[in-house]
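Numbering-wise (the working numbering), the sequence shown opens with residue 15 and increments by one.
All C-beta atoms in this analysis are idealised placements derived from N, C-alpha and C, irrespective of residue type, glycine included.
The structure displayed is predicted, hence computed values, not measured ones.
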Amino acid sequence: MATIMKVLVLILPFSFLLHCFEEFYFPGGFIDWYHTFRPSLSKQKPRYYIKVNIIAFLIVSIISISVFFLGTSYNSFLIASTFLAANAFFTHILGAIHTKRYSPGMITGALLYIPICVLAYIFSFLSGTLLISDIIPDLILGSLYELWNIYKYKKRSKIIHK
15 MATIMKVLVL
25 ILPFSFLLHC
35 FEEFYFPGGF
45 IDWYHTFRPS
55 LSKQKPRYYI
65 KVNIIAFLIV
75 SIISISVFFL
85 GTSYNSFLIA
95 STFLAANAFF
105 THILGAIHTK
115 RYSPGMITGA
125 LLYIPICVLA
135 YIFSFLSGTL
145 LISDIIPDLI
155 LGSLYELWNI
165 YKYKKRSKII
175 HK
């Protein structure tokens, strides 16, 4: 079981890179799609998205390296994988449903982020490294960024529409 978790830990940063590739290069078009999904954020420049993704990649990579090489707690990895799965669900999947258009990043989010997250929770729980009492806090902490984005968007939308 530890081997499976180590594989999941190692592939998370690479799945992040594939996700960014889908969003920005093949097929690309994420920024235009996102501004359609959340029009009040359309003044954000491309460099904002580049910075956000670089910071997120560094965080995910540092956590993965720390867990893999230093043997730190899997909880930080679970939070990081939840962060990415929440992005896939709230931004890409729900966004595609809302806009009725493909969301660049949705395929890698659905096929990589969400399964990695679910498998990480299952194997952590089965191996005894995840306590039942940690599941809800890990899910909440991992989802906070996406929930903050939703809150920020709704607040900004109200200001613009007044």
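Taking 3 residues as the minimum length, the region 122 to 161 contains no beta strand (DSSP E) run wholly inside it. Boundaries of the alpha helix (DSSP H) harbouring residue 32: 16 to 38, taken from the DSSP string. Residue environment for residue 47: buried (at least 16 other C-beta atoms within 10 angstroms of its C-beta).
Judged by their CB atoms, residue 95 and residue 130 are nearer to each other than the 8 Å cut-off. When the Cα atoms are used, residue 39 and residue 107 turn out to be separated by approximately 19 Å.
DSSP places residue 57 outside any alpha helix (DSSP H), giving it a letter other than H or E.
DSSP, read as helix, strand or coil, puts residue 116 in coil. Counted as a single uninterrupted DSSP element, the stretch harbouring residue 102 is not any alpha helix (DSSP H), since DSSP gives it neither H nor E.
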